[in-house]
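The structure under discussion appears below in the form of structure tokens.
There are 2 protein chains.
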Amino acid sequence: MKTNKYVIGIDFGTNSCRSSIFDISNGDELAGNIFAYPTGEAGVIIDTSDPNLARQNPADYLLGIESTIKAAIKVAGNGYPDFSAEKIIGIGIDTTGSSPMPVDKKGNPLCFDEKFKDNPASYVWLWKDHTSYSEARGITEQAAKTRPHYLSKIGGVYSSEWFWSKIWHCQKESPAVFNDAYSFVEICDWLPAVLVGDTNPDNIKRSICAAGHKAMYNEQWGGLPDYEFLESLSHGLGEMRKRIFNKAFAADERAGCLSREWADKLGLSTNVSVAVGAFDAHMGAVGAGVKTGTLVKILGTSTCDIMVWPNDKKLADIPGVCGIVDGSVMQGYYGIEAGQSAVGDIFLWFVNNLVPDSYGKTQDEKFINLESAASKLKPGETGLLVLDWNNGNRTILVDVRLTGLLLGQTLHTQAHEIYRALVEATAFGALAIIDRIEENGVKINEVINCGGLAIKNSMLMQIYADVTGRPMKVSKSKQTPALGAAIFAAVSAGKNVSGFESVDEAKDVMTGINKTYNPIPENHNVYKEIYKLYKRLHDGFGTKETTGNYFNVMKDLLDIRDKVRKEL
Amino acid sequence: MKTNKYVIGIDFGTNSCRSSIFDISNGDELAGNIFAYPTGEAGVIIDTSDPNLARQNPADYLLGIESTIKAAIKVAGNGYPDFSAEKIIGIGIDTTGSSPMPVDKKGNPLCFDEKFKDNPASYVWLWKDHTSYSEARGITEQAAKTRPHYLSKIGGVYSSEWFWSKIWHCQKESPAVFNDAYSFVEICDWLPAVLVGDTNPDNIKRSICAAGHKAMYNEQWGGLPDYEFLESLSHGLGEMRKRIFNKAFAADERAGCLSREWADKLGLSTNVSVAVGAFDAHMGAVGAGVKTGTLVKILGTSTCDIMVWPNDKKLADIPGVCGIVDGSVMQGYYGIEAGQSAVGDIFLWFVNNLVPDSYGKTQDEKFINLESAASKLKPGETGLLVLDWNNGNRTILVDVRLTGLLLGQTLHTQAHEIYRALVEATAFGALAIIDRIEENGVKINEVINCGGLAIKNSMLMQIYADVTGRPMKVSKSKQTPALGAAIFAAVSAGKNVSGFESVDEAKDVMTGINKTYNPIPENHNVYKEIYKLYKRLHDGFGTKETTGNYFNVMKDLLDIRDKVRKEL
Numbered sequence: 058m059k060t061n062k063y064v065i066g067i068d069f070g071t072n073s074c075r076s077s078i079f080d081i082s083n084g085d086e087l088a089g090n091i092f093a094y095p096t097g098e099a100g101v102i103i104d105t106s107d108p109n110l111a112r113q114n115p116a117d118y119l120l121g122i123e124s125t126i127k128a129a130i131k132v133a134g135n136g137y138p139d140f141s142a143e144k145i146i147g148i149g150i151d152t153t154g155s156s157p158m159p160v161d162k163k164g165n166p167l168c169f170d171e172k173f174k175d176n177p178a179s180y181v182w183l184w185k186d187h188t189s190y191s192e193a194r195g196i197t198e199q200a201a202k203t204r205p206h207y208l209s210k211i212g213g214v215y216s217s218e219w220f221w222s223k224i225w226h227c228q229k230e231s232p233a234v235f236n237d238a239y240s241f242v243e244i245c246d247w248l249p250a251v252l253v254g255d256t257n258p259d260n261i262k263r264s265i266c267a268a269g270h271k272a273m274y275n276e277q278w279g280g281l282p283d284y285e286f287l288e289s290l291s292h293g294l295g296e297m298r299k300r301i302f303n304k305a306f307a308a309d310e311r312a313g314c315l316s317r318e319w320a321d322k323l324g325l326s327t328n329v330s331v332a333v334g335a336f337d338a339h340m341g342a343v344g345a346g347v348k349t350g351t352l353v354k355i356l357g358t359s360t361c362d363i364m365v366w367p368n369d370k371k372l373a374d375i376p377g378v379c380g381i382v383d384g385s386v387m388q389g390y391y392g393i394e395a396g397q398s399a400v401g402d403i404f405l406w407f408v409n410n411l412v413p414d415s416y417g418k419t420q421d422e423k424f425i426n427l428e429s430a431a432s433k434l435k436p437g438e439t440g441l442l443v444l445d446w447n448n449g450n451r452t453i454l455v456d457v458r459l460t461g462l463l464l465g466q467t468l469h470t471q472a473h474e475i476y477r478a479l480v481e482a483t484a485f486g487a488l489a490i491i492d493r494i495e496e497n498g499v500k501i502n503e504v505i506n507c508g509g510l511a512i513k514n515s516m517l518m519q520i521y522a523d524v525t526g527r528p529m530k531v532s533k534s535k536q537t538p539a540l541g542a543a544i545f546a547a548v549s550a551g552k553n554v555s556g557f558e559s560v561d562e563a564k565d566v567m568t569g570i571n572k573t574y575n576p577i578p579e580n581h582n583v584y585k586e587i588y589k590l591y592k593r594l595h596d597g598f599g600t601k602e603t604t605g606n607y608f609n610v611m612k613d614l615l616d617i618r619d620k621v622r623k624e625l
Numbered sequence: 058m059k060t061n062k063y064v065i066g067i068d069f070g071t072n073s074c075r076s077s078i079f080d081i082s083n084g085d086e087l088a089g090n091i092f093a094y095p096t097g098e099a100g101v102i103i104d105t106s107d108p109n110l111a112r113q114n115p116a117d118y119l120l121g122i123e124s125t126i127k128a129a130i131k132v133a134g135n136g137y138p139d140f141s142a143e144k145i146i147g148i149g150i151d152t153t154g155s156s157p158m159p160v161d162k163k164g165n166p167l168c169f170d171e172k173f174k175d176n177p178a179s180y181v182w183l184w185k186d187h188t189s190y191s192e193a194r195g196i197t198e199q200a201a202k203t204r205p206h207y208l209s210k211i212g213g214v215y216s217s218e219w220f221w222s223k224i225w226h227c228q229k230e231s232p233a234v235f236n237d238a239y240s241f242v243e244i245c246d247w248l249p250a251v252l253v254g255d256t257n258p259d260n261i262k263r264s265i266c267a268a269g270h271k272a273m274y275n276e277q278w279g280g281l282p283d284y285e286f287l288e289s290l291s292h293g294l295g296e297m298r299k300r301i302f303n304k305a306f307a308a309d310e311r312a313g314c315l316s317r318e319w320a321d322k323l324g325l326s327t328n329v330s331v332a333v334g335a336f337d338a339h340m341g342a343v344g345a346g347v348k349t350g351t352l353v354k355i356l357g358t359s360t361c362d363i364m365v366w367p368n369d370k371k372l373a374d375i376p377g378v379c380g381i382v383d384g385s386v387m388q389g390y391y392g393i394e395a396g397q398s399a400v401g402d403i404f405l406w407f408v409n410n411l412v413p414d415s416y417g418k419t420q421d422e423k424f425i426n427l428e429s430a431a432s433k434l435k436p437g438e439t440g441l442l443v444l445d446w447n448n449g450n451r452t453i454l455v456d457v458r459l460t461g462l463l464l465g466q467t468l469h470t471q472a473h474e475i476y477r478a479l480v481e482a483t484a485f486g487a488l489a490i491i492d493r494i495e496e497n498g499v500k501i502n503e504v505i506n507c508g509g510l511a512i513k514n515s516m517l518m519q520i521y522a523d524v525t526g527r528p529m530k531v532s533k534s535k536q537t538p539a540l541g542a543a544i545f546a547a548v549s550a551g552k553n554v555s556g557f558e559s560v561d562e563a564k565d566v567m568t569g570i571n572k573t574y575n576p577i578p579e580n581h582n583v584y585k586e587i588y589k590l591y592k593r594l595h596d597g598f599g600t601k602e603t604t605g606n607y608f609n610v611m612k613d614l615l616d617i618r619d620k621v622r623k624e625l
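If you're matching them up, the sequences are chains A and B in order.
FYI, in our numbering the residues of the first sequence are 58 to 625.
FYI, in our numbering the residues of the second sequence are 58 to 625.
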């Protein structure tokens, strides 16, 4: 079936956004264009005196939409004679999250108001803003006492990456902003609303994905956490709840059609369907072809692990996962979300701060040479062991007050050895998540990887296969979140227009696998030994319950290293 | 008393040697000259496939003696009208150790023999060669079973940095070298013998310092370990003992007078007294003005901590110190030696391997900028904690099978923060030694620091004062080992010539204090908290006995960091 119809997915990342145009008959990307956010450092407003602070300017998103869609349409028009802008039937949007911002009654961001423009609290509170760690702890403690059911669906611990922690911290950090805010809106909800031309907070169709995973929304208990609970946290939060939302929607719903203003701006028709938004990882999972038994890993600056599970089958609570939300990925399934707080971010930190120029002058050169040198090393050869906690541990410990650990360095340890150990650490972190999910009854039959690291870093993918002992598949699409968003756009356009009845149907047509990395048994055997040591440190530093003696850790690593070196 | 007499101290370090000419009336250095060893990497023969291997070419030493003494004499002659080479009355030598080498019957190094020139086992086994770690363990185990008194004077554990481990490993690594070796000689014994013109191993006056601290020599049990014990380690070691030595000497003894050959070569008289050699740290302690109650810290690539204790007073065994040897520093006193396996070496490793060029292009520039940035930080501000074990832990754990640990890094951690944490770690290591010595009844009234780091790195000295809560004095002489060697040279020349009856007398005239760093109470208070965490990790990873839970470690560091940052 050659429909000659196209959809746009817009993926709003941490440092840039990207629009991609996809052919709905096969999921191929005709054109894509990236826009780097101009505000702050690599698009993030930071505060050198507080490493926890990370905000973003929503004006950057609007510039990005216009710039990237127009550029992508132009490129697609030049490269594909069959393509024309009139054949675009839908736009889907995915974003980071939880990334809420305070808005006024019309839904305008407070940071657009002259009086708040120098106040970081009035901007978007980016997912990786951890300023609210003590509020997160407060929510966890209060819920444990009075609303334990709230915690059971979010792995037992509320996070500073999430909605209510951030809003509560906003109230403390800047009462002026909080008091002037009519509502708080996730950017995945606000951006579709902008495109359809109605940002009135009371009208915005909020995402079930954002609501369920980050705002403790659950229809079982009547939506958002109740008024009394929120007021018990802090006076004013309960009142704010009334102006947030009562009902959330899945992303195959239509938010509306493109407004006249935006249709003109982009050169598109007002018939274009705009889908309800969702988070990048959830849409990415769809773009990677998620199904029951499939773990989709979206490997980027941080990592999201997504699974689905039929919502008519029994599913236990899984301690330490970020959330289990009915419909958050696709209607009819529970979405299970887990993740690692930093993966690519750890490598970036290392390359930007601790790699001498002997590896190259630019960041890219350094990465290439580090990977080339590191890939020549055998498992265990570095003698190093790392805990991948530079940004805390999301799953399975749900603890932002954890930090990195590097162990085993000698006077001969070189940067590429540490780089390899960092990659291995993220693989161990990935394995801890896999084990935790399977221990709780959700069998994982395949692992599909997507995101930049999965595509570009073959050493990393092989190490993940060797550490986990499982084949690592890599998704065909290089832009799975955008593709996922586009799939929802196609479905939201309706069967009459796209031909797709359901997300499952569109997904089967538009997704696929590109490459598979198979585990090498002898490598897996070495990593099994090292993982035992990783897990001991993981539990010793990451849980209150584990006591132990670590006298053997360095020695065992040296023994493994010496054995491997002898075999070379 | 202006005697107008001069002495030369030659200090053989790990990468270079240095000759200094001192005025015996005040210890002032008239001239000094350095010679970088030409062989290997920075003077050390290494093996990229075995980071434990570190050998040295004795030919480098001979080139160094000639080059540095001639150059120093020339400079002194130009700068000081009163000086002339005829007024030089003695030469003293200090070296690294234990750094033994195999020699033939005439005392010629086996590596000078054409047939062994490509065999690293025939060269000097440098102190920091750790290839013999399993032999060290074997010696400790065997001694614990059959000769526990051997261990009681060396802190309970025999080290791979020491004499018998290296000789035993030589037997395993290269039986050809071992079997051709008539004897093994410490370079601190061999070099004075070269200068007096008699290297016959049976005639060489061996140093009590080297013998007692590294070769388990003790007159209480008849000198070196007995034949049966050595044979029980490995057949052949007992036979080798017979050709090593029976009696050892203190460094104020004269090895002999300068040979005609060397007198001519250096432009000196054959009346010049050559003192028995000793290790750099022990002579450095004398050059720094060691006395009862004084801890002298020689801060270099590694660190030696030296104390003396009157040999007519009770002194308990001190677990974990490297050795307690009667007369090893000065006659009439027990010499107590402790030390840290790597201090400057850790900083060098870090700067050479993990510091980007944004801190500077050269090693020197990087150090300057790291120190400048790190010195602006407050104690606790980095949130980092390091175990300074990249080269194992000499005192108090006596364990080379330990490695480094860095904990607390986030995505914002920068190189200068880690640099500061590395410096702090070595200060914590220093404090662990101070505590251990005092807990065993040896009161420390003052700490005198010497060596390059003490002179050049004021941030380090202030951190040491703040961490230990004690004033850190810095020795007046920048060349304390060479000055110590020169003091022994002066004493060995005899009272008639030098005017000195004893080392104590010469020391009082020739040494002094330059500068004192006083602890800052508020810094000390923060470091007391961090030291508790250091000590928990130290014991948890460094001893078999300690079990614990480390859940609070990262959190406590973050709490300290956040508190410090708030106060800024």
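Ideal placement from N, C-alpha and C gives every residue a C-beta, glycine not left out.
Please read these numbers as outputs of a predicted model, since none were measured by experiment.
Quiz item: Where does A/Arg112 sit, in a helix, a strand or coil, going by DSSP?
Solution: strand
Practice problem: For B/Gln397, decide whether its Cβ has a neighbour in chain A, counting only Cβ atoms nearer than 8 Å. | Solution: no
Quiz prompt | 8 Å Cβ cutoff met for A/Ala312 and A/Val331 | solution = yes
Self-check item: Start-to-end residues for the alpha helix (DSSP H) that takes in A/Pro578
Solution: Pro578 to Gly599
Quiz item: Cβ atoms of B/Ser222 and B/Ser216: under 8 Å apart, would you say?
Solution: yes
Quiz item: What does A/Arg622 reach in chain B if we use C-beta pairs closer than 9 Å?
Solution: Ser106 and Asp107
Exercise. Select from A/Asp369, A/Leu252 and A/Ala200 the residue whose C-alpha is nearest the C-alpha of A/Glu288.
Key: A/Ala200
Quiz item: Is B/Gly440 near A/Thr460, with beta carbons less than 8 Å apart?
Solution: yes
Self-check item: Run of the beta strand (DSSP E) containing B/Met297, from where it starts to where it stops
Solution: Premise fails: B/Met297 lies in the alpha helix (DSSP H), Leu294 to Lys299, not in any beta strand (DSSP E).
Quiz item: Checking contacts by CB at 8 Å: is B/Asn448 closer than that to chain A?
Solution: yes
Practice problem: Pull up the distance between the alpha-carbon of A/Thr470 and that of B/Leu594, whole angstroms please. | Solution: 21 Å
Quiz prompt | Contiguous alpha helix (DSSP H) assignments of at least 4 residues, all confined to the stretch 283 to 333 of chain B | solution = 284 to 290, 294 to 299 and 317 to 323
Quiz item: Which term fits B/Gln420, buried or exposed, when burial requires 16 or more other beta carbons within 10 angstroms of its beta carbon?
Solution: exposed
Quiz item: Closest Cβ-Cβ distance between B/Thr470 and chain A: below 8 Å?
Solution: yes
Quiz item: What are the start and end residues of each continuous beta strand (DSSP E) run of 3 or more residues lying completely inside the stretch 65 to 91 of chain B, in chain order?
Solution: 73 to 80
Quiz item: Residues in the stretch 595 to 614 of chain A with C-beta within 8 Å of chain B's C-beta atoms, listed in sequence order?
Solution: Gly597, Phe598, Gly599, Thr600, Lys601, Glu602, Thr603, Thr604, Gly605, Asn606, Tyr607, Phe608, Val610, Met611, Lys612 and Leu614
Self-check item: Bridge partners - A/Val443, DSSP secondary structure assignment
Solution: A/Leu463
Practice problem: Have a look at B/Val160, B/Glu438, B/Asp565 and B/Ala489 and flag the residue whose alpha-carbon is nearest the alpha-carbon of B/Arg618. | Solution: B/Glu438
Exercise. With 7 Å as the C-beta to C-beta threshold (strictly closer), list the residues of the stretch 405 to 435 of chain B near chain A in chain order.
Key: Trp406, Asn410, Leu411, Val412, Pro413 and Asp414
Practice problem: Please report the residue range of the beta strand (DSSP E) in which A/Pro367 lies. | Solution: Thr360 to Pro367
Quiz item: Helix, strand or coil for B/Ile261 per DSSP?
Solution: coil
Self-check item: 6 Å CB neighbourhood of B/Ala542 in its chain, flanking five on each side removed
Solution: Gly66, Gly149, Ile150, Asp151 and Met340
Quiz item: Can you list the beta strand (DSSP E) stretches of 3 or more residues lying completely in the stretch 217 to 255 of chain A, in chain order?
Solution: 240 to 243
Quiz item: Who are the Cβ neighbours of B/Gln388 in its own chain at under 6 Å, not counting the five residues just before and after it?
Solution: Ala307
Quiz item: Would you report the Cα separation of A/Gly195 and A/Leu290, rounded to the nearest angstrom?
Solution: 7 Å
Exercise. Check the Cβ-Cβ distances between B/Arg458 and every residue of chain A, and say whether any is below 8 Å.
Key: yes
Exercise. Put B/Ile126 into one of helix, strand or coil per three-state DSSP.
Key: helix
Quiz item: What are the boundary residues of the alpha helix (DSSP H) that includes B/Ile544?
Solution: Thr537 to Ser549
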